[in-house]
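Peer 1: According to this note's numbering, the sequence shown is numbered sequentially starting from 308. Think of the CB as a built atom: it goes at the ideal place given N, C-alpha and C, for glycine as much as any other residue. Note that the structure is a prediction, hence the values are computed from the model and not measured. Below you'll find the structure I mean.
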Amino acid sequence: MDKRASRAKLLYSVTMSADGFITGPDGDMQWMRPYLGPNPEVTELIPRIGSILVGRRSHDGDDPHKGEPGEGEAFGGGWDGPLFVVTHRLPSTPEPGVTYVDQLPEAIAMAKAAAGDKYVNVIGADIARQCIAAGELDEVLLIIAPVFLGAGTRVFDEPGGRTVRLQPRSTTAGTNLWFDVLR
Numbered sequence: 308m309d310k311r312a313s314r315a316k317l318l319y320s321v322t323m324s325a326d327g328f329i330t331g332p333d334g335d336m337q338w339m340r341p342y343l344g345p346n347p348e349v350t351e352l353i354p355r356i357g358s359i360l361v362g363r364r365s366h367d368g369d370d371p372h373k374g375e376p377g378e379g380e381a382f383g384g385g386w387d388g389p390l391f392v393v394t395h396r397l398p399s400t401p402e403p404g405v406t407y408v409d410q411l412p413e414a415i416a417m418a419k420a421a422a423g424d425k426y427v428n429v430i431g432a433d434i435a436r437q438c439i440a441a442g443e444l445d446e447v448l449l450i451i452a453p454v455f456l457g458a459g460t461r462v463f464d465e466p467g468g469r470t471v472r473l474q475p476r477s478t479t480a481g482t483n484l485w486f487d488v489l490r
């Protein structure tokens, strides 16, 4: 697929602790429960998402909505649409509404085609890092929860280090930071 044919943009939207972690130790997402309250910017964003691109670890991992309505669903059940899981471990039994893809470029192309002129929402630190490395990530929305976790999965972690420049954009809520990725 010609990259210019799709108007979809890849957006890494993520809730993180004030010290930069998106999960606690061992992938724990329960830390997030007290901070899942209403967020007008996220409410406005959800209908602008056309597809989701997620890594297998994030897709199969802990759910901050565990035991609640919306468990196992994107945005706690607030979003429904095509979901593309990037994995080298393709499942033997397909999951309804989920497309498993073993190559990132193919997954990005499929997610963009499905999104049309809406966002492809990227979920998972490693998939976001891979999208940055491929020059495909367009925007970042960081939702900062007022807590320090001290350990877990970092919002961005590049072995050996790497600088990725971001251009700040205006935001509507004090805990949300929205950036364009500069190339």
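What is the DSSP secondary structure of lysine 310, reduced to helix, strand or coil?
Peer 2: Your numbering for residue 310 matches position 3 in the sequence shown. Residue placement at lysine 310 cannot be trusted, given a pLDDT of 47 that sits under 50; the coordinates are not used to answer.
Peer 1: By DSSP, does valine 577 sit in helix, in strand, or in coil?
Peer 2: Residue 577 falls outside the range modelled here, since the chain spans only 308 to 490, and no answer is possible.
Peer 1: Identify whether lysine 419 lies in helix, strand or coil by the three-state DSSP scheme.
Peer 2: Sequence index remark: in the sequence shown, residue 419 carries index 112 (1-based). DSSP places lysine 419 in helix when its eight states are reduced to three.
Peer 1: May I have the straight-line CA-CA distance separating arginine 490 from leucine 360, to the nearest angstrom?
Peer 2: Taking the first residue of the sequence shown as position 1, residue 490 is located at position 183. Taking the first residue of the sequence shown as position 1, residue 360 is located at position 53. Computed Cα separation, rounded: 21 Å.
Peer 1: Provide the residue span of the beta strand (DSSP E) that contains aspartate 367, from first to last.
Peer 2: Numbered from its first residue, the sequence shown carries residue 367 at position 60. Under the DSSP assignment, aspartate 367 falls outside any beta strand (DSSP E), being part of the alpha helix (DSSP H) whose first and last residues are 363 to 367.
Peer 1: Assign glutamine 474 to one of three DSSP states: helix, strand, or coil.
Peer 2: Residue mapping note: residue 474 aligns to position 167 of the sequence shown, counting from 1. If DSSP states are grouped into helix, strand and coil, glutamine 474 belongs with the strands.
Peer 1: Report buried or exposed for lysine 373, applying the criterion of at least 16 other Cβ atoms within 10 angstroms of its Cβ.
Peer 2: Here residue 373 refers to the residue found at position 66 when the sequence shown is read from its first residue. Classified as exposed, lysine 373 has fewer than 16 neighbouring CB atoms from the shown chains inside 10 Å of its CB.
Peer 1: Could you name the residues of the same chain whose beta carbon sits closer than 7 Å to that of arginine 340, not counting the 5 residues immediately before and after it, in chain order?
Peer 2: Locating residue 340 in the sequence shown gives position 33, where the first residue counts as 1. Cβ neighbours of arginine 340 beyond the five flanking positions: Pro371.
Peer 1: Only counting the same chain, and skipping five residues up and downstream in sequence, which positions put a Cβ closer than 7 Å to that of phenylalanine 486?
Peer 2: Position 179 of the sequence shown, counting from 1, holds the residue named residue 486. The answer, listed in chain order, is Glu446, Val447, Leu473, Gln474, Pro475, Arg476.
Peer 1: So the alpha helix (DSSP H) aspartate 433 belongs to, where does it begin and stop?
Peer 2: Position 126 of the sequence shown, counted from the first residue, corresponds to residue 433. It spans 432 to 440 - the alpha helix (DSSP H) in which aspartate 433 sits, taken as one unbroken run.
Peer 1: Measure the C-alpha to C-alpha separation of alanine 414 and aspartate 326 and round it to an integer number of angstroms.
Peer 2: For the purposes of this step, residue 414 is identified with residue 107 of the sequence shown, where counting begins at 1. For the purposes of this step, residue 326 is identified with residue 19 of the sequence shown, where counting begins at 1. Each residue's alpha carbon lies about 31 Å from the other.
Peer 1: If you check the beta carbons only, do aspartate 433 and glycine 334 fall under 9 Å apart?
Peer 2: Taking the sequence shown and counting its residues from 1, the one referred to as residue 433 is at position 126. Taking the sequence shown and counting its residues from 1, the one referred to as residue 334 is at position 27. No, the pair does not count as a contact, with Cβ atoms beyond the cut-off.
Peer 1: Comparing C-alpha positions only, which one of Val427, Arg469, Asp464, Pro401 sits nearest to tyrosine 319?
Peer 2: Residue mapping note: residue 319 aligns to position 12 of the sequence shown, counting from 1. Checked all of Val427, Arg469, Asp464, Pro401; the closest Cα to tyrosine 319 is Val427.
Peer 1: With DSSP as the reference, please indicate the residues paired to isoleucine 359 in a beta bridge.
Peer 2: Working through the sequence shown from its first residue, we reach residue 359 at position 52. BP columns for isoleucine 359 point to Leu390, Asn428.
Peer 1: Just to confirm, is the Cβ distance from phenylalanine 328 to threonine 460 under 9 Å?
Peer 2: Looking up residue 328 in the sequence shown gives position 21. Looking up residue 460 in the sequence shown gives position 153. For phenylalanine 328 and threonine 460, yes; Cβs fall inside 9 Å.
Peer 1: Using beta-carbon positions only, say whether phenylalanine 455 and alanine 435 come within less than 9 Å of one another.
Peer 2: Position 148 of the sequence shown, counting from 1, holds the residue named residue 455. Position 128 of the sequence shown, counting from 1, holds the residue named residue 435. Cβ distance not < 9 Å, so phenylalanine 455 and alanine 435 don't count as in contact.
Peer 1: Does DSSP classify methionine 339 as helix, strand or coil?
Peer 2: For the purposes of this step, residue 339 is identified with residue 32 of the sequence shown, where counting begins at 1. It is helical.
Peer 1: Just how far apart, CA to CA, sit serine 358 and lysine 419?
Peer 2: As a first step, residue 358 must be located in the sequence shown, where it is residue number 51. As a first step, residue 419 must be located in the sequence shown, where it is residue number 112. Cα-Cα distance, rounded: 7 Å.
Peer 1: For aspartate 409, which option in Ala422, Phe391, His395 has the closest C-alpha, if you only look at C-alpha atoms?
Peer 2: Taking the sequence shown and counting its residues from 1, one reaches residue 409 at position 102. Shortest Cα-Cα distance from aspartate 409 to any of Ala422, Phe391, His395 involves His395.
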